[in-house]
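These notes concern the structure reproduced below.
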Amino acid sequence: MVLIFAESQKGQFKKTAFEAVSFGYKTARQLGVECAALVLGTAENAADLGKYGASKVLHVADAALDHFDSQVQAAVIGEAARQSGATVVVVSATANGKALLGRLAVRLDAGSVAGVNTVPEGSGSFRVKRPVFSGKAIAEYEVRSDIKVLSLMGNAMPPEAVGNAAPVEAISVPVPAPRVRVKSVKRVEGIVPLPEAEVVVSAGRGMKGPENWGIVEELADVLGATTACSRPVADAHWRPHHEHVGQTGIAIRPNLYIAIGISGAIQHLAGVNSSKVIVVINKDPEAPFFKAADYGVVGDLFEVVPRLTAAVQAFKAGQ
Amino acid sequence: MKLLVCVSKTPDTTARIAFTAGNSEFDSAGVQYIMNPYDEWYALVRALELKEANGGSVTIVNVGPADNDTVIRKGLAIGADDAVRIDTDPKSSMAVAKQIAEFARSENYDIIFLGKETIDYNGAEVGAMIAEYLDLPFISYASKLDVNGSTATVSRDIEGGAEEVEADLPLVVSAAKGMAEQRIPNMRGIMMAKSKPLNVVAPVAFEDKSVAVSYSLPPQKTSVKLVDPENMEELVRLLHEEAKAI
Ligand SMILES: Cc1cc2nc3c(=O)[nH]c(=O)nc-3n(C[C@H](O)[C@H](O)[C@H](O)COP(=O)(O)OP(=O)(O)OC[C@H]3O[C@@H](n4cnc5c(N)ncnc54)[C@H](O)[C@@H]3O)c2cc1C
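If you read the protein sequences in the order shown, they are chains A and B. If you want our numbering, it's the 1-based position in the first sequence plus 58. If you want our numbering, it's the 1-based position in the second sequence plus 70.
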């Protein structure tokens, strides 16, 4: 059996949870076993996970699980895995999922692979792939233990609807007292967080100063995109740290990445080169970023970006 | 405070990534190695700041062969008091975590620090594993950490925001940007590092359960399609019709 921990936030599932269930379903089919989702704490619409292939949803309803403590959640997921006889446990490679993976591996005496982006191969040994060296290479892992734990990289495989609502089964698992006390959770409302964003508009030192970011935000607005920046921009406090992408920032893989006034240093590329489509706007035709781009515009960003915004607006109006 | 900082050795960010032995091993020929930036810039520096404020000691631990001593000495030059190298060449995150946990088990550290991930394998697993082996709380992606008495207050990065949490020591913390500012070792630090203790200890037995067996390079982009900067309607058309990205 493949057990998928479907992460929820304030009772709601995010795309990463559907991706994980979809991945778990495909893995289970490959191995010829069942696949169940596991939901912790408050969760509405748990039955919906059936749409992505879970044949049932196991639910530990204890509201204490609404707060994240990796130790508590790993104990509960580990016990649910044991009860259900899971041989593969899947989590999402989110901030919380990453804190769970290593714990589950130790707890279940299992081999783990973090941030996989392929379904395990057919027969014989159990092999999965994941990007390494900040996206500069791909490694194939062999997991040799009886139980395997995997985290699925976000935006790697779109969730696929394959079924209908699944039965939800309450299960009873002891919930240890948390040792990490969550005091507050702050999330920027109304913005898709960078690791989950499908369109990202990113800008660098070519912007000259923070006062010029209006044109970047306008373009992001019309595209429904999340904004990002290069490291020197965050270091100079032109933009908040959480926008810094690259090898020492956030690694992203949106469908569309638009880089404005960013030279394309190797450390920047490392965090963004898995984006499906890359557009580069730079006045220097020799900028290294053009070598990693699908589409390039050689020109002054202060002219090109407003023009692009207007063109997107006109296109959206005509749709 | 008794603090332990786990440091790892990674290829420099500009290193050419290539493989050898039939694509089964990383090709280290000509590669410059550095201390993993998250370990150096954030975990180590925050540990040093806590020691400066509260007294105590900062020990560095690395799991690896003698080649790693250069990176360990750099950590001593930045200010750690002593270092331990567990003498084995680990092949998985769990191998690293198991060695560190077994070493730390009897040492009673108040905080075990590490960087949020390494820039080579990017797994972010070691901290969670150490915490599980030692039955300790683990707070990952910490961008701010203060200690008051025996309680740590931590700001933890999550998707699109931050969580404020509290936990009693001892605990394991992985450090992200914001935690501290990089320190460049000075001449005095470099000189002093030469005489600080670097103890080599024997590893415990461990069998890997998950190993990388082969590597490949991602497909290269074909050549870039240049669009006239006067004609952004054309770019939008291409993004819609050809790339299907909008
Ligand atoms: C260990 C290490 C880790 C690092 N990690 C990261 C990381 O995670 N992320 C990251 O981004 N960087 C990282 N860096 C830094 C990286 O090496 C580069 O310095 C950085 O990415 C450059 O940022 P930039 O492209 O914004 O600025 P620059 O390199 O200064 O590029 C600015 C670009 O803007 C263009 N430009 C200027 N004016 C205009 C205009 N009017 N119109 C159009 N184009 C214009 C220029 O032609 C130039 O190409 C790291 C470096 C090190 C050593």
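Glycine included, each C-beta is placed from N, C-alpha and C at the ideal position.
Residue i: contacting residues in chain A (beta-carbon distance under 8 Å)
i	result
tyrosine 285 (chain B)	Val190, Ala195, Ile196, Ala197, Glu198
lysine 214 (chain B)	Those do not exist, as lysine 214 (chain B) stays about 11 Å from chain A at its closest Cβ, beyond 8 Å.
C-beta atoms of residue i and residue j nearer than 8 Å
i	j	result
alanine 122 (chain A)	valine 233 (chain A)	yes
serine 244 (chain B)	leucine 184 (chain B)	yes
alanine 64 (chain A)	leucine 96 (chain A)	yes
glutamine 169 (chain B)	valine 274 (chain B)	yes
serine 66 (chain A)	alanine 101 (chain A)	yes
lysine 79 (chain B)	asparagine 138 (chain B)	yes
glycine 264 (chain A)	leucine 327 (chain A)	no
threonine 83 (chain B)	isoleucine 249 (chain A)	no
serine 210 (chain B)	methionine 249 (chain B)	no
glutamate 202 (chain B)	valine 149 (chain A)	no
proline 225 (chain A)	lysine 114 (chain A)	yes
cysteine 76 (chain B)	valine 141 (chain B)	no
alanine 283 (chain A)	valine 246 (chain A)	no
lysine 156 (chain A)	alanine 133 (chain A)	no
Buried versus exposed, by CB contacts within 10 Å (16 or more), residue i
i	result
serine 98 (chain B)	exposed
asparagine 192 (chain B)	buried
glutamate 95 (chain B)	exposed
glycine 182 (chain A)	exposed
aspartate 109 (chain B)	buried
glycine 149 (chain B)	buried
aspartate 227 (chain B)	buried
serine 242 (chain A)	exposed
leucine 287 (chain B)	exposed
histidine 300 (chain A)	buried
valine 186 (chain A)	buried
histidine 117 (chain A)	buried
serine 176 (chain B)	exposed
valine 270 (chain B)	exposed
alanine 138 (chain A)	buried
Residue-chain proximity (residue i, chain B), Cβ-Cβ < 8 Å
i	result
asparagine 175 (chain A)	no
aspartate 352 (chain A)	yes
proline 253 (chain A)	yes
phenylalanine 373 (chain A)	yes
arginine 6 (chain A)	Given a span of 59 to 377 for chain A in the structure shown, any question on residue 6 (chain A) remains unanswerable.
serine 242 (chain A)	yes
threonine 13 (chain A)	Here chain A comprises residues numbered 59 to 377, so residue 13 (chain A) is not present and cannot be evaluated.
histidine 295 (chain A)	no
serine 203 (chain A)	yes
leucine 366 (chain A)	yes
arginine 237 (chain A)	yes
Within chain B, partners of residue i - CB distance below 7 Å
i	result
isoleucine 324 (chain A)	Thr83, Thr84
leucine 19 (chain A)	The structure shown does not extend to residue 19 (chain A), since chain A is modelled only from 59 to 377, so the question has no answer here.
glycine 357 (chain A)	Pro299
phenylalanine 348 (chain A)	Val294
glutamine 305 (chain A)	Thr83, Ile189
valine 147 (chain A)	Correct list: empty, because the minimum Cβ distance to chain B is about 13 Å.
CB-CB length for residue i against residue j, believed under 8 Å
i	j	result
glycine 198 (chain B)	serine 128 (chain A)	This sequence places alanine at residue 198 (chain B); glycine is not what is there. Right, the Cβ-Cβ distance comes to about 6 Å (below 8 Å), so this counts as a contact.
isoleucine 320 (chain A)	glycine 272 (chain A)	Between glycine 272 (chain A) and isoleucine 320 (chain A) the Cβ distance is about 18 Å, and since that is not below 8 Å, they are no contact.
methionine 215 (chain A)	serine 80 (chain A)	7 Å
glycine 160 (chain A)	alanine 263 (chain B)	The pair is not a contact, with the Cβ atoms about 31 Å apart (cut-off 8 Å).
aspartate 190 (chain B)	proline 81 (chain B)	6 Å
isoleucine 339 (chain A)	valine 363 (chain A)	7 Å
isoleucine 200 (chain B)	isoleucine 181 (chain B)	Rounded, the Cβ-Cβ distance is 12 Å, inconsistent with contact.
valine 136 (chain A)	leucine 166 (chain A)	It is worth fixing the name first, because residue 136 (chain A) is glycine in this sequence and not valine. At roughly 6 Å, the Cβ-Cβ gap stays under 8 Å, so glycine 136 (chain A) and leucine 166 (chain A) are in contact.
serine 27 (chain A)	proline 189 (chain A)	Here chain A comprises residues numbered 59 to 377, so residue 27 (chain A) is not present and cannot be evaluated.
valine 294 (chain B)	phenylalanine 348 (chain A)	5 Å
Within chain B, the residues that residue i reaches when beta carbons sit closer than 8 Å
i	result
glutamine 88 (chain A)	Near glutamine 88 (chain A) there are no residues of chain B at all, since even the closest Cβ is about 18 Å away, more than 8 Å.
isoleucine 249 (chain A)	Gly230
leucine 314 (chain A)	Leu309, Ala313, Ala315, Ile316
Proximal chain A residues relative to residue i, where beta-carbon distance stays under 9 Å
i	result
serine 163 (chain B)	Gly160, Ala163, Ser170, Ala172
aspartate 190 (chain B)	Val190, Phe191, Ser192
Neighbour flag for residue i against chain A, beta carbons, 8 Å
i	result
valine 101 (chain B)	no
phenylalanine 208 (chain B)	yes
leucine 308 (chain B)	yes
glycine 125 (chain B)	no
aspartate 317 (chain B)	Only positions 71 to 316 of chain B appear in this structure, which leaves residue 317 (chain B) out of reach.
lysine 291 (chain B)	yes
glycine 259 (chain B)	no
serine 220 (chain B)	no
valine 133 (chain B)	no
Chain-ordered chain A contacts of residue i [CB-CB under 7 Å]
i	result
glycine 248 (chain B)	His299
lysine 279 (chain B)	Ala168, Gly169, Val201, Arg202, Ser203
Proximal chain B residues relative to residue i, where beta-carbon distance stays under 9 Å
i	result
leucine 281 (chain A)	Ile316
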